[in-house]
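Residue numbers (the numbering used here): 7 to 145.
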């Protein structure tokens, strides 16, 4: 009986450790590199997927500059936006090349190798980016 109780306790401990090992988003310490928007969840819970016809690529450079390449509307051609960014304690902020600040700041976190950006003004909205090379055709 003692061994059975000890075995049950050990199994309980192991299963609670396994449950505790579920990966949770952690504040990003770096966003450098190329990223492709994989999905966007609006505050209403609507998910939008992105593919070759609709895309958003972000490139965060080591010098604090960024490049945004996007085509999100079939009637709109590709758009290239650039500027500068900073990341501090998981908060991403920036400005456009004309020195105008972004409309808001984002909580930047990593989850399973993916970059999650959540506007501080609307944390129900979530942008999920996967690491990806910026296509040469967009540069």
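Glycine included, each C-beta is placed from N, C-alpha and C at the ideal position.
Minimum Cβ-Cβ distance from residue i to chain B less than 8 angstroms
{"i": "residue 103", "result": "Looking at the structure shown, chain B is missing, and only one protein chain is on hand."}
Residues near residue i by beta carbon distance below 8 angstroms, same chain, minus five either side
{"i": "residue 71", "result": "88, 89, 90, 91"}
{"i": "residue 95", "result": "33"}
Nearest candidate by alpha-carbon position, reference residue i, set the options
{"i": "residue 131", "options": "29, 35, 39, 47", "result": "47"}
{"i": "residue 31", "options": "64, 119, 138", "result": "119"}
{"i": "residue 134", "options": "38, 43, 142", "result": "43"}
{"i": "residue 145", "options": "68, 33, 76, 111", "result": "76"}
{"i": "residue 117", "options": "111, 99, 105, 136", "result": "136"}
{"i": "residue 82", "options": "63, 73, 104, 59", "result": "59"}
{"i": "residue 74", "options": "80, 84, 68", "result": "84"}
{"i": "residue 45", "options": "105, 94, 124, 140", "result": "124"}
{"i": "residue 67", "options": "50, 100, 105", "result": "100"}
Cβ neighbours of residue i in the same chain (closer than 7 angstroms, five flanking residues each side left out)
{"i": "residue 27", "result": "Bear in mind that the predicted position of residue 27 carries a pLDDT of just 44, short of 50, making it unreliable; the figure below should be weighed with that in mind. Closer than 7 angstroms at the Cβ level, and outside the excluded window around residue 27, lies no residue."}
{"i": "residue 29", "result": "117, 118"}
{"i": "residue 78", "result": "60, 62"}
{"i": "residue 121", "result": "34, 37, 41, 114, 135"}
{"i": "residue 98", "result": "37, 91, 111, 112, 114, 123"}
Outcome for residue i when other beta-carbon atoms lying within 10 angstroms are tallied against a minimum of 16
{"i": "residue 65", "result": "buried"}
{"i": "residue 37", "result": "buried"}
{"i": "residue 141", "result": "exposed"}
Cut-off 6 angstroms between Cβ atoms - residues of its own chain near residue i, not counting five sequence neighbours on either side
{"i": "residue 139", "result": "40"}
### Task
At 3 residues or longer, and completely inside the segment 72 to 102: list those beta strand (DSSP E) runs for me, N to C.
85 to 94, 97 to 102
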